[in-house]
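For this note's numbering, add 2 to where a residue sits in the sequence shown, where the first one is 1. We treat Cβ as the ideally placed atom computed from N, Cα and C, and that holds for glycine. Heads up, the thing below is written out as structure tokens.
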Amino acid sequence: MTTTDSPLVLGIETSCDETGVGIVRGRRLLANAVASSMDQHAVFGGVIPEIAARAHLEAMTPTIEEALRTAGVRLQDLDAIAVTAGPGLAGALMVGVSAAKALALATGKPLYAVNHLVAHVSVGLLDPDDDGAPSLIAEDGSLVPGLGALLVSGGHTEILAVREIAEDVEMLGSTIDDAAGEAYDKVARLLGLGYPGGPVIDRAAAEGDPKAFRFPRGLAAGKYMGSAEAPGPHRYDFSFSGLKTAVARVVEAFEAEDQEVPVADVAASFQESVADVITSKAMLAAREHGLSTLLLGGGVAANSRLRALAAQRCTENGIRLVVPPLSLCTDNGAMVAALGSRLVSVGAQPTGLEFTADPGLPVATVSMPAAALQA
């Protein structure tokens, strides 16, 4: 699919606890303003949907103004507006969708309601920074062939095959219970390490032995995996609930004997289990679906062991690994604007105003069509 021009697009992201507003011109990032409500959720040990929605409402106008000021553009200069329509928390999504509709109605600009997961992949469309970060765009402007994505965050753990980011994305595998980030948060609570779990477990694991405990690798047994010729029901899927339970039993056993819990060893062993099963299944899916480039995205992409093991196994399997800057791995408006820009460039029809947020929006729906979800 050929692309044209360099549209100026503003993107709004409110699927969870970050209020993100990004502005791109074509593939060039002009602004990426983010306001997080994480501190408000930390006292509860997890994201509270009602608090997240209220925080989005309070942060929306200042964050839009910050993005416009940073980019040095006005609303009337925009060519289009894009907004995350799902998946995500219903109340949080509604705040962003309402703001985007108001802007589109006030300015007369076309509005694209886009998929949060595909937007995570879209950050790879942006021009590389001076650090030489690789791009997902070939010299002729087309998407690199054999593109896949491994998205690991507090709400999502998925493997995607991306044939054309504007219209043809397939879910190969996903979590059937907790996402990896949720498992980190729950294990961090068990170990008394605080919230969010990802950074604190990563730090604790640095001092521990990843072989101290052999924790389970969910859905990795033969009955779930099947074979390439006859795939099992969860060949590329993930499950972390059994892992969380195994960690809890180890902690309880030490506490029952009035012994000090070896926090560093438990954290390292838990982290090794998560990184091992995620990267193993990603490599399996890549080999069997002809994926030669893999983008690692989502907040858990910051995890040191996941990054190291992904790099190692991609090298071993001849797969090019793309890891965006951390600021573009976590939820942000730049990724939404980048996907919106791609949609405008390839001539995709805008969604318009007659749609509602969809917390369960499937990944195959890159952008909601105008006829979808009539109000």
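Which value, in whole angstroms, describes the spacing of the CA atoms of residue i and residue j?
| i | j | result |
| --- | --- | --- |
| HIS118 | ASP333 | 9 Å |
| ALA140 | THR72 | 29 Å |
| GLY1 | GLY335 | Examination of residue 1 is not possible in this model, given that the chain is present from 3 through 377 alone. |
| LEU153 | SER100 | 27 Å |
| ALA366 | ALA255 | 45 Å |
| LYS103 | PRO233 | 43 Å |
| ALA284 | ARG76 | 42 Å |
| LEU113 | VAL302 | 30 Å |
| ALA163 | GLY88 | 19 Å |
| SER17 | MET96 | 9 Å |
| THR247 | LEU286 | 26 Å |
| PRO9 | VAL125 | 16 Å |
| ASP260 | VAL249 | 17 Å |
| GLU184 | GLY156 | 5 Å |
| GLY196 | ASP204 | 12 Å |
| VAL279 | VAL338 | 29 Å |
| ALA61 | PRO51 | 15 Å |
| ALA230 | PHE357 | 39 Å |
| ILE53 | ILE83 | 26 Å |
| PRO361 | GLU262 | 42 Å |
| LYS2 | GLY143 | Any answer about residue 2 is impossible in this case: the structure gives the chain only from 3 up to 377. |
| ALA359 | THR86 | 8 Å |
| ASP211 | LEU308 | 16 Å |
| ARG27 | SER343 | 7 Å |
| ALA277 | ALA270 | 10 Å |
| ALA94 | ALA266 | 35 Å |
| PHE242 | GLY74 | 45 Å |
| ALA33 | ALA55 | 23 Å |
| VAL253 | ALA206 | 15 Å |
| ILE25 | ASP81 | 11 Å |
Under the rule that 16 or more other beta-carbon atoms within 10 Å means buried, what is residue i, buried or exposed?
| i | result |
| --- | --- |
| LYS225 | exposed |
| ARG1 | Beyond the ends of the chain as shown, which are 3 and 377, falls residue 1; an answer cannot be given. |
| SER306 | exposed |
| PRO352 | buried |
| GLY98 | buried |
| THR65 | buried |
| ARG1 | Residue 1 is absent from the structure shown; the chain starts at 3 and stops at 377. |
| SER347 | buried |
| ALA121 | buried |
| GLY292 | exposed |
| SER329 | exposed |
| ALA223 | exposed |
| ARG315 | buried |
| THR281 | buried |
| ASP414 | The displayed coordinates of the chain run from 3 to 377. Any statement about residue 414 would go beyond what the structure contains. |
| GLY299 | buried |
| GLY134 | At GLY134, the pLDDT of 46 sits below 50, so the modelled position is not reliable; the number obtained from the coordinates is stated separately. GLY134 comes out exposed. |
| ASP132 | Here the model assigns ASP132 a pLDDT of 42, short of 50, so the residue's position is not dependable, and the following value carries that caveat. Flag for ASP132 reads exposed. |
| PHE46 | exposed |
| ALA208 | exposed |
| LEU421 | Because the chain spans 3 through 377 in this model, residue 421 falls outside it and cannot be assessed. |
| ARG219 | buried |
| GLY90 | buried |
| ARG30 | exposed |
Kindly indicate which residue of the options has the alpha-carbon position closest to the one of residue i.
| i | options | result |
| --- | --- | --- |
| THR21 | ALA44, ALA69, GLY47 | ALA69 |
| LEU378 | LEU341, VAL346, MET173 | Examination of residue 378 is not possible in this model, given that the chain is present from 3 through 377 alone. |
| VAL11 | PHE240, PRO130, SER275, GLN78 | GLN78 |
| GLU2 | LEU91, GLY150, CYS18, VAL116 | A question about residue 2 goes unanswered here, because the residues of the chain that appear run from 3 up to 377. |
| ARG191 | VAL268, SER229, GLY175 | VAL268 |
| ILE14 | CYS331, LEU31, ALA35 | ALA35 |
| LEU363 | SER38, ILE321, ALA92 | ALA92 |
| PRO147 | ALA350, ARG344, THR295 | THR295 |
| LEU1 | ILE161, SER241, VAL123, LEU59 | Beyond the ends of the chain as shown, which are 3 and 377, falls residue 1; an answer cannot be given. |
| ILE161 | SER176, VAL171, ILE167 | SER176 |
| ASP179 | VAL324, HIS158, GLY228 | HIS158 |
| LEU355 | ARG344, ALA44, MET370 | MET370 |
| VAL325 | ALA310, GLU318, ASN319 | ALA310 |
| SER275 | ARG56, GLY244, GLY349 | GLY244 |
| ALA182 | VAL171, ALA168, LEU174, GLY199 | GLY199 |
| PRO201 | GLN273, ALA258, PRO327, MET227 | GLN273 |
Just grab the DSSP bridge partners of residue i for me.
| i | result |
| --- | --- |
| SER38 | GLU20 |
| GLY98 | GLY98 pairs with nothing; no bridge assigned. |
| GLU172 | ALA163 |
| GLY196 | The partner list for GLY196 (beta bridge, DSSP) is empty, contrary to what the question assumes. |
| GLY13 | GLY24, ALA84 |
| ARG30 | ARG27 |
| TYR238 | Partner(s): none; TYR238 has no beta bridge. |
| THR177 | PHE240 |
| GLY228 | PRO233 |
| VAL299 | Here residue 299 turns out to be Gly, not Val, going by the sequence shown. Partner(s): LEU153. |
| ASN1 | The chain is shown only over 3 to 377; residue 1 falls outside these bounds and no answer can be derived. |
| SER369 | VAL116 |
* To do: Entirely within the segment 136 to 167 and at least 3 residues each: give me those beta strand (DSSP E) ranges in chain order.
  => 149 to 154, 159 to 166
* **Completely contained beta strand (DSSP E) runs for the segment 315 to 341, where each covers 3 or more residues** => Given a length threshold of 3 residues, each whole run of the beta strand (DSSP E) inside the segment 315 to 341 is given here in chain order: 322 to 324.
* Where are the beta strand (DSSP E) runs, 3 residues long or more, that stay fully inside the segment 263 to 294, in chain order? -> none
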